[in-house]
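For reference, the structure is listed below as structure tokens.
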Amino acid sequence: MNHLLIMLPLLIPLFGAILSLFSWRYVRAQQVIGILAQACMLIASFLLLFDVNDNGIRTTQVGSWPAPFGISLVADLFSSMMVITSSIIGMAIYLFSIKGLDKARQTFGYYPVLLILQMGVSGACLTGDLFNLFVWFEVLLICCFVLIALGGTKPQLEGAIKYVTINFLASGFLLTGIGVVYGILGSLNLAELAVLVRTPVSHPALITMAGMFFLIAFGIKAAIFPLFFWLPASYHTPPIAISAFIAGMLTKVGMYALIRLFTLVFVTDQELTIPLFTVLAGFTMVIGVFGAASQNDFRKILSFHIVSQIGYMLMGLALFTPLAIAGSVYFIIHNILVKTNLFLISGVVAHNRGTFALKKLGGVYLQHPFLSVLFFISAFSLAGIPPFSGFWGKFMLAKAGFEIDSFVIVLVSLAVSLITIFSMTKIWNEVFWKNKPETDPLDDVVTAREKKDNRLLHLPVLFLVLFILFIGVYAEPVVSMAQLAAEQLLNSELYINAVLKK
Amino acid sequence: MKTVILAVAIRILIPIFIIFSVYTLFRGHNHPGGGFIGGLIGAIAFVFHTMTHGPQQTVDTFLKINLYGYPRQPNQSRSLYLMRMMRVNVWRRRKMAHHPEIKERMIRVEPIYIIATGLLLAAGSGVVGLVFGQPFMHAYWADFYIPIIGKPGTPILFDIGVYLLVIGVVLKITFVMSEE
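Quick mapping for you: the protein sequence lines, in order, are chains A and B.
Under the numbering used here, the first residue of the first sequence is numbered 1, with each subsequent residue one higher.
Under the numbering used here, the first residue of the second sequence is numbered 1001, with each subsequent residue one higher.
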């Protein structure tokens, strides 16, 4: 049974994509298949989480080849939480794209590619093999390239080329790192690697060097401080449904891989990695938030905030205590939901007003008070105001920082929170609160059909806000699950025993 | 690019390419070969055909079939009608093409459907293991032996899927590139 449960998050999107390919000419059928696949995926990932929660780490060996030789798929709490989050936002994005994406893009394979992208996310989270991790990241890269370039407008192509060039470079680093690891240790199975690096005969300096290759590769993919510049350059170009999924999910998958590798494999030289991560985390937070403060476009502000939030997740890895890792896990889950939701809200606003520029927007509160409430909840979750979800993540991180006397990074993170509130307030003032700038009164006429579309566009936003409120107001089960996940991450024995069946 | 030499040579080469690709596909389990490389070799045939005759001609020759027929008369028996339809479509194609009563119906195979079929076969072959409670892609082999092909099993389904997928992708790429 556990074979099936682990495979389902990969197989459901795959078969959904195949069926969508068969109904290539019928967009309506593709929409139905997509929604059904998302619903199945949501159910399957919840079943997986309950199973992992009850029985500990579950594994399956694809093709029945035993562990260090074949392909292992491993589901622990962290990875199944990632899979659930990805299926939640996948559902929201699908609901949004039916009305929020133009017909031309929908007919050119948007639905199958998005499903394959989701399969890539599940694969990257569930794989227990270094080379497979690389392959899944390539799947993600290819799908993102297609999605960003889909439609072929000039800014999109420009963004896509920047995105692909820099990510190819990252893949090169990743592959080099994998080659070095294989050269030193002779295995690519994560569990076996974890055993090998802990034996005294291995070469600590070389392994640290290989770890740096992985840090650069996933640092580019997760948009960490010196390597983030591609992100604000490309994320604001595609239509909102696409950029919401990519912005919400993809950098966090990079972060997931980083946390997985640096808690399981590259733990030998922590005198180097921990100060390095601390510095990188601080700079990522500060630079990201200053970048956001200087922008005047709804989506660009949000894009820079992605960078800043990545800093918090890295901070958990830098502090490296169980509470800090739990904070990182919780923060990743929270951030995926909130960030996707903020992008979707900017999409709803732009759908009505036709622009993302703060100067031309205004008066949304008067027209859509309900949407404003939804934005308020998401924005203040992002900024970390209690009782919303961001608070708990930041609270855990700050507490973990104080416990081991790393005051500087905690102070930096709290200061960054303040500036985050500043930019969220800026969006609130400019988009929702201030009077609408003078425009042609004919634009304001809302037809009945547009009203209906609008209601459908609110649906995914509301869907995500429910989850955000759940993990914020009723945080206890999620936080305790994050703590269990952190324990599993830090106790490598559990992972090794589950995979190698000792 | 219309050259007489290539156009003549390709007529002889296409069957060779296709037979060799199928041979490569089936020897792939224990020797060098398999679905991917077999698919590429098979796709060469279509690529060369497109290079000499253009994409439209390739579609007409390989990926399209015209079915001929007419609506069934009210008091005509179904079996007789079916047999006549078969005769029209199998034995007397050329003659019937210009018959006034006969209508033409074109069936065209788009590369995208070849891709989808290939993916379905490949992914479906893995699910067999899951259905019987084994891990994904657990191999199942039949008990009997077919001459030339060997023992059939789920891995060959996977390879055939990859073969179709590769042919479909190369065809799609070739058609798009040669239209520009």
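We put the CB at the ideal spot given by N, CA and C, even for glycine.
Going by beta-carbon coordinates alone, are residue 464 of chain A and residue 340 of chain A separated by less than 9 Å? Working through the first sequence from its first residue, we reach residue 464 of chain A at position 464. Working through the first sequence from its first residue, we reach residue 340 of chain A at position 340. The answer is yes: Cβ separation under 9 Å.
Sorted by chain position, which residues of the same chain lie with C-beta nearer than 6 Å to residue 33 of chain A's C-beta, five sequence neighbours on each side aside? Walking along the first sequence from the start, residue 33 of chain A turns up at place 33. These residues qualify, in order along the chain: 16, 19, 20.
Beta-ladder partner(s) of residue 1104 of chain B, from DSSP: Position 104 of the second sequence, counted from the start, is the residue given in the question as residue 1104 of chain B. According to DSSP, residue 1104 of chain B bridges with B:1068.
Identify the contact partners of residue 62 of chain A in chain B, using a Cβ-Cβ distance below 7 Å as the criterion. Along the first sequence, read from residue 1 onward, the residue named residue 62 of chain A stands at position 62. Here the neighbours are 1135, 1136, 1137.
Below 8 Å, how does it come out for the region 175–191 of chain A and the region 115–124 of chain A: are there three or more Cβ pairs, yes or no? no
In the region 13–24 of chain A, which residues sit with their C-beta less than 7 Å from some C-beta in chain B, listed in chain order? 14, 15, 18, 21, 22, 24
Closer than 8 Å by C-beta to residue 1139 of chain B: which residues in its own chain qualify, once you throw out the five before and the five after it? Chain order, please. As a position in the second sequence, residue 1139 of chain B is number 139, starting the count at 1. So the qualifying residues of the chain are 1129, 1153, 1154, 1155.
Under the DSSP definition of a beta bridge, which residues are partnered with residue 129 of chain A? On the first sequence, position 129 is the one that residue 129 of chain A refers to. Paired residues: A:189.
Near-chain A residues of the region 1111–1127 of chain B (beta-carbon distance less than 9 Å), N- to C-terminal order: Under the 9 Å Cβ criterion, the region 1111–1127 of chain B contributes 1112, 1113, 1115, 1116, 1117, 1119, 1120, 1123, 1124, 1126, 1127.
Look up residue 1141 of chain B in the DSSP assignment and say whether it is helix, strand or coil. To locate residue 1141 of chain B, count along the second sequence from 1; it is residue 141. In this structure, residue 1141 of chain B counts as strand in the three-state DSSP scheme.
For residue 250 of chain A versus residue 296 of chain A, is the C-beta distance shorter than 9 Å? Reading the first sequence from its first residue, position 250 is the one you call residue 250 of chain A. Reading the first sequence from its first residue, position 296 is the one you call residue 296 of chain A. No, Cβ-Cβ distance for residue 250 of chain A and residue 296 of chain A is not below 9 Å.
Counting only Cβ pairs nearer than 8 Å, list the residues of chain A close to residue 1171 of chain B. Indexing the second sequence from 1 puts residue 1171 of chain B at position 171. By Cβ distance, chain A contributes nothing, its closest Cβ being about 14 Å from residue 1171 of chain B, past 8 Å.
Candidates A:300, A:60, A:133: closest to residue 347 of chain A by CA position: As a working mapping, residue 347 of chain A is identified with position 347 in the first sequence. Closest by alpha carbon: A:300.
Looking at residue 349 of chain A: is its Cβ nearer than 9 Å to the Cβ of residue 81 of chain A? Here residue 349 of chain A refers to the residue found at position 349 of the first sequence. Here residue 81 of chain A refers to the residue found at position 81 of the first sequence. No. Outside cutoff.
Counting only C-beta atoms, is residue 11 of chain A closer than 9 Å to chain B at any point? Taking the first sequence and counting its residues from 1, one reaches residue 11 of chain A at position 11. Yes, contact with chain B.
Just the Cα atoms here: how many angstroms apart are residue 1040 of chain B and residue 127 of chain A? If you number the second sequence from 1, residue 1040 of chain B lands on position 40. If you number the first sequence from 1, residue 127 of chain A lands on position 127. So the alpha carbons of these two residues sit roughly 29 Å apart.
Sorted by chain position, which residues of the same chain lie with C-beta nearer than 6 Å to residue 478 of chain A's C-beta, five sequence neighbours on each side aside? Within the first sequence, residue 478 of chain A is the residue found at index 478, counting from 1. Counting only Cβ-Cβ distances below 6 Å, and skipping sequence neighbours, we find 471.
Could one say the Cβ of residue 1164 of chain B lies closer than 9 Å to chain A's Cβ atoms, at least one of them? Within the second sequence, numbered from 1, the residue matching residue 1164 of chain B stands at position 164. Not closer than 9 Å to any Cβ of chain A, the Cβ of residue 1164 of chain B fails to qualify, so no.
Paired residues, beta bridge with residue 60 of chain A - DSSP: Your numbering for residue 60 of chain A matches position 60 in the first sequence. Partner(s): A:73.
Report the option in B:1075, B:1064, B:1133, B:1020 whose CA atom is closest to the CA atom of residue 1035 of chain B. Reading the second sequence from its first residue, position 35 is the one you call residue 1035 of chain B. Closest in C-alpha terms to residue 1035 of chain B, from the list B:1075, B:1064, B:1133, B:1020, comes B:1020.
Which parts of the region 350–424 of chain A are runs of the alpha helix (DSSP H), unbroken and 4 residues or longer, counting only runs that do not cross its ends? 364–367, 369–383, 389–403
Could you check what DSSP says for residue 177 of chain A in three-state terms: helix, strand or coil? As a first step, residue 177 of chain A must be located in the first sequence, where it is residue number 177. Looking at residue 177 of chain A - three-state DSSP - the assignment turns out to be helix.
Tell me whether the beta-carbon of residue 406 of chain A lies closer than 9 Å to the beta-carbon of residue 267 of chain A. Taking the first sequence and counting its residues from 1, one reaches residue 406 of chain A at position 406. Taking the first sequence and counting its residues from 1, one reaches residue 267 of chain A at position 267. No, these two residues do not count as a Cβ contact at 9 Å.
Beta-ladder partner(s) of residue 1146 of chain B, from DSSP: Locating residue 1146 of chain B in the second sequence gives position 146, counting from the first residue. DSSP lists B:1150 as partners of residue 1146 of chain B.
Give the residues of chain B in contact with residue 4 of chain A, contact being defined as C-beta atoms less than 7 Å apart. Translated into the one-based positions of the first sequence, residue 4 of chain A becomes position 4. Chain B residues near residue 4 of chain A: 1130.
Establish whether the CB of residue 41 of chain A and some CB of chain B are separated by less than 9 Å. As a position in the first sequence, residue 41 of chain A is number 41, starting the count at 1. Put simply, the CB of residue 41 of chain A is far from chain B, with every gap to its CB atoms at 9 Å or more.
So residue 7 of chain A contacts chain B; which residues on that side make the cut at Cβ distance below 9 Å? As a working note, residue 7 of chain A is residue 7 in the first sequence. Within chain B, the residues near residue 7 of chain A are 1126, 1127, 1130, 1135, 1136.
Separation of residue 178 of chain A from residue 213 of chain A, as counted between CA atoms: Working through the first sequence from its first residue, we reach residue 213 of chain A at position 213. Working through the first sequence from its first residue, we reach residue 178 of chain A at position 178. Between residue 213 of chain A and residue 178 of chain A, the C-alpha separation is close to 9 Å.
In whole angstroms, what is the alpha-carbon distance linking residue 430 of chain A and residue 414 of chain A? For this step, residue 430 of chain A is matched to residue 430 along the first sequence. For this step, residue 414 of chain A is matched to residue 414 along the first sequence. Using only the alpha carbons, I get a separation of about 25 Å.
By the 10 Å Cβ neighbour count, where 16 or more other Cβ atoms means buried, how is residue 438 of chain A classified, buried or exposed? Numbered from its first residue, the first sequence carries residue 438 of chain A at position 438. So residue 438 of chain A ends up on the exposed side.
Integer Cβ distance of residue 83 of chain A from residue 57 of chain A, believed to fall under 8 Å: As a first step, residue 83 of chain A is located in the first sequence; it is residue number 83 there, counting from the start. As a first step, residue 57 of chain A is located in the first sequence; it is residue number 57 there, counting from the start. Going by Cβ atoms, the distance from residue 83 of chain A to residue 57 of chain A rounds to 14 Å, so no, they are not a contact pair.
Can you pull the DSSP bridge partners for residue 297 of chain A? Here residue 297 of chain A refers to the residue found at position 297 of the first sequence. For residue 297 of chain A, which the question treats as bridged, DSSP gives the partners A:357.
Kindly indicate which residue of A:115, A:168, A:152 has the alpha-carbon position closest to the one of residue 138 of chain A. On the first sequence, residue 138 of chain A is found 138 positions in, with the first residue counted as 1. Checking every option, the nearest Cα to that of residue 138 of chain A belongs to A:168.
Pair within 9 Å by beta-carbon distance, residue 148 of chain A and residue 242 of chain A: To locate residue 148 of chain A, count along the first sequence from 1; it is residue 148. To locate residue 242 of chain A, count along the first sequence from 1; it is residue 242. For residue 148 of chain A and residue 242 of chain A, yes; Cβs fall inside 9 Å.
Return the CA-CA distance between residue 457 of chain A and residue 334 of chain A, expressed in angstroms with no decimal places. Taking the first residue of the first sequence as 1, we reach residue 457 of chain A at position 457. Taking the first residue of the first sequence as 1, we reach residue 334 of chain A at position 334. Cα atoms of residue 457 of chain A and residue 334 of chain A: separation of roughly 22 Å, rounded to the nearest angstrom.
Could you work out which residue in A:254, A:416, A:141 is closest to residue 162 of chain A when comparing CA atoms only? As a first step, residue 162 of chain A must be located in the first sequence, where it is residue number 162. When only C-alpha atoms are compared, the closest one is A:141.
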